[in-house]
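Working notes, structure below.
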Amino acid sequence: MKIQSNSEYCLGCGLCRIYCAAAHDGYNGSVIRAFKKGTPQARAGLIEHQQQSWINTCRHCQDAPCINACITGALQKNNEGIVFIDGQRCVGCLTCVMVCPFGHIQPSLDFSRAVKCDLCRDLAEAPVCVSHCPNGALRLIEEV
Amino acid sequence: MKYLIIGSCIAAAGAVEGIRSIDPEGEITVIDGEQRGCYSRPLISYYLTGRRTSSQLDYRPADFFAQQRVRIIPGRAASIDVICKQVLLQDGTGLEYDRLLLATGASPVIPPIPGITQSWVNTFYTWQDAEEISAQTAAKGTAVVLGSGLIGLKAAEALHHMGMKVVMVEKQSHILPRLLSPRSAAAVGGHLQRHGLKVVTGHEVVAVGNHEVAVDDGSSIAADLLIIAVGTRPNQDLAREAGLQTDRGIIVDCHLRTSDPHIWAAGDVIESRHIVRGTDEVMALLPLAHREGFIAGLNMAGSRTRYPGGIFLNAVHILGMHIITAGDPETTGSILRWQEGERCLELTMQGQNLHRYIAINIPGISGPLTALIERQVKIPESEWFKFLRNPAIANLPAAYWAEVRRWQDDGSLRCG
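These protein sequence lines map, in sequence, to chains A and B.
In this text, residue positions in the first sequence follow this note's numbering: the first is 1, and each later residue adds one.
In this text, residue positions in the second sequence follow this note's numbering: the first is 1001, and each later residue adds one.
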């Protein structure tokens, strides 16, 4: 499973990142709480390059270099194929950041750990970036 | 099929995962010399500062080997009988194998300095080392750390956190000599000194006395603790005595098989291909150890998976400073630089190929740079200028994005 981004439809509005940030770090989806009072951090980048834009997010690689390189075993893959970080195990060495060829994994804002897309695995519904994209540029697809 | 693995750490865990992905039935036995299970060595510095407890050093969950139906034999291997395909343990037990993996790792080098074997001198490599240091550490005491590589640096940081006064002695002209350029080392050295660590470069310790260290400039340092961290050396005696081909490390082919057709080797004990230099190197790095173990495991279970080799790559944080570097540490090419306060980036180009980067306090852009080095993507220097004005993922050269599209289209990337 991964998010597929169609740059022809992407407006570059960044709502995907706003809802992504609000869906993580305990903001429970509240954009106002996250952005007025908190320190929100999206788990995806928005790339604008040569008049195109797209979301740069995790491919949930089958043979993921980040899992392979993780020094603590914090990076894991669950039964659904979602690559996620066990925040309790992560020590913030950022080895995963160093080996992700897509530059997707990023340090947390305080640099204490790494953060990445978890396909909103704690939510019952589809990832919030997909459901809030106003132009249908994002899709959740099954293949890797 | 009887699989036997000597060693129980990173490469061994990778091998178990590799074998089990193909062969769910085979009998796997792991010889655990340290008898600490599968733990992550880099975490011992976190253990020393108390950020990790002894139950949090596991590289894999505590029940990993049981889940994978692996039999663990505590003990050390004494010899390999390659004719009878049997490993003899020090206690005389014999263990037969069809396929054997040597994941024996490395050991710290002890330099031949008079007095260095005294009890107040420690290495900083194993869980046991960390426990011993923890027991000897006196807050407000002085610790001397010999060597300023990654291990020395993390030891120095941990001892500093524990309240000790730390002096690092590095015989090369700058710290982290295998990782940094002189200029970037000066930035890191300045950071350490601002935190109260003393760094002495270009000098050697010539003698160790009773809680005293003599330096080659005639001075001496009174210390409560001396940590030796001048590098590691592959544990290849078993392999050598069994008649396997060895050099600086065990020699393996591109399938990680040794000169004996029933024996593979992986991790810190082998020499493997540095894909930028094209030479065989001992690259004792955790990410490579796991990958090598995994691929060796696949091949032991009947696959013919090629191991392309790797590059030197390291990510470390020290007293709040994040250092990431990858590529060829001895490269000499043209250097492109960006700096903004405490953050700096140094790219070394050989023609149109990126051969090394050093990123200090700017970790977020490192992944794509590593990929560009590993795949030797050609990018003219002029295409880096936009990125070097503002180093961010979105500003990477167009050739990088073209390459990403190509990985996706032809599936050439091992992931995604």
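Just so you know, even glycine gets a beta-carbon here, dropped at the ideal spot from N, CA and C.
Keep in mind it's a predicted model, so treat the numbers as computed, not measured.
Buried/exposed call for residue i, threshold 16 Cβ in 10 Å
i: Gln-1236 of chain B; result: buried
i: Gly-1416 of chain B; result: The predicted model places Gly-1416 of chain B with a pLDDT of 31, which falls under 50 and marks its position as unreliable, so this point remains unresolved.
i: Ser-1366 of chain B; result: buried
i: Trp-1264 of chain B; result: buried
i: Asn-1361 of chain B; result: buried
i: Gln-1090 of chain B; result: exposed
i: Ser-1181 of chain B; result: buried
i: Arg-1306 of chain B; result: exposed
i: Glu-1340 of chain B; result: exposed
i: Arg-1291 of chain B; result: buried
i: Asn-135 of chain A; result: exposed
i: Asn-1122 of chain B; result: buried
i: Pro-1112 of chain B; result: exposed
i: Gln-88 of chain A; result: exposed
C-alpha gap between residue i and residue j, whole angstroms
i: Leu-94 of chain A; j: Arg-113 of chain A; result: 7 Å
i: Leu-1057 of chain B; j: Ala-69 of chain A; result: 16 Å
i: Gln-952 of chain B; j: Ala-1402 of chain B; result: No information on residue 952 of chain B is available, as it lies outside the stretch 1001 to 1416 that chain B covers here.
i: Gly-1333 of chain B; j: Gly-1152 of chain B; result: 28 Å
i: Glu-1016 of chain B; j: Thr-1029 of chain B; result: In the sequence under discussion, the amino acid at residue 1016 of chain B is Val, which differs from the Glu named in the question. Spanning the two alpha carbons is a distance of roughly 9 Å.
i: Pro-1042 of chain B; j: Gly-14 of chain A; result: 38 Å
i: Ile-1044 of chain B; j: His-49 of chain A; result: 43 Å
i: Leu-1345 of chain B; j: Val-1377 of chain B; result: 19 Å
i: Asp-110 of chain A; j: Ala-21 of chain A; result: 15 Å
i: Ile-1251 of chain B; j: Gln-4 of chain A; result: 43 Å
i: Arg-1414 of chain B; j: Cys-90 of chain A; result: Because the pLDDT of Arg-1414 of chain B is 48, which lies under 50, any placement of that residue in the model is unreliable, and the question is left without a value.
i: Arg-59 of chain A; j: Met-98 of chain A; result: 16 Å
i: Gln-1172 of chain B; j: His-1274 of chain B; result: 23 Å
i: Ala-1078 of chain B; j: Val-130 of chain A; result: 58 Å
i: His-1195 of chain B; j: Pro-1329 of chain B; result: 27 Å
i: Leu-1354 of chain B; j: Ile-1373 of chain B; result: 5 Å
i: Lys-1165 of chain B; j: Ile-71 of chain A; result: 28 Å
i: Ala-1139 of chain B; j: Ala-1158 of chain B; result: 12 Å
i: Gly-945 of chain B; j: Ala-1062 of chain B; result: Any property of residue 945 of chain B remains undetermined from this structure, which presents chain B solely from 1001 to 1416.
i: Glu-1145 of chain B; j: Asp-1280 of chain B; result: It should be noted that the sequence gives Val, not Glu, for residue 1145 of chain B. Each residue's Cα considered, the two are about 30 Å apart.
Cβ-Cβ separation, residue j to residue i (assumed contact under 8 Å), whole Å
i: Cys-61 of chain A; j: Val-83 of chain A; result: 7 Å
i: Gly-1310 of chain B; j: Gly-1231 of chain B; result: Contact doesn't hold; Cβ gap of about 19 Å is too wide.
i: Val-128 of chain A; j: Tyr-19 of chain A; result: 4 Å
i: Val-1276 of chain B; j: Gly-1249 of chain B; result: No, Val-1276 of chain B and Gly-1249 of chain B are not in contact; Cβ-Cβ is about 18 Å, not under 8 Å.
i: Leu-1313 of chain B; j: Thr-1370 of chain B; result: 6 Å
i: Gly-1018 of chain B; j: Phe-1294 of chain B; result: 4 Å
i: Asn-78 of chain A; j: Arg-121 of chain A; result: 7 Å
i: Ser-1284 of chain B; j: Ala-1106 of chain B; result: For clarity, residue 1284 of chain B is Ala in the given sequence; the question names Ser instead. Correct: roughly 5 Å between the Cβ atoms.
Residue i and residue j closer than 8 Å at C-beta
i: Gly-1075 of chain B; j: Thr-1104 of chain B; result: no
i: Val-1215 of chain B; j: Val-1169 of chain B; result: yes
i: Leu-1298 of chain B; j: Ser-1021 of chain B; result: yes
i: Ala-1394 of chain B; j: Gly-12 of chain A; result: no
i: Cys-117 of chain A; j: Arg-17 of chain A; result: no
i: Thr-1348 of chain B; j: Asp-1224 of chain B; result: no
i: Cys-10 of chain A; j: Pro-65 of chain A; result: no
i: Pro-1397 of chain B; j: Trp-1384 of chain B; result: yes
i: Gln-1350 of chain B; j: Thr-1325 of chain B; result: no
i: Ile-1006 of chain B; j: Leu-1088 of chain B; result: no
Check: residue i C-beta below 7 Å from any heavy atom of the ligand GDP
i: Glu-80 of chain A; result: Absence of the ligand GDP is noted for the structure shown, with no ligands found whatsoever.
Give, in chain order, every unbroken run of the alpha helix (DSSP H) that is at least 4 residues long and sits entirely within the stretch 1190 to 1278 of chain B.
1237 to 1241
Inside the stretch 1343 to 1412 of chain B only - alpha helix (DSSP H) runs reaching at least 4 residues:
1366 to 1374, 1385 to 1389, 1398 to 1410
Taking only runs that begin and end inside the stretch 1047 to 1082 of chain B, name each unbroken beta strand (DSSP E) of 3 or more residues, in chain order.
1070 to 1074, 1077 to 1081
Start-end ranges of the beta strand (DSSP E) lying completely within the stretch 1273 to 1307 of chain B, minimum 3 residues:
1279 to 1281
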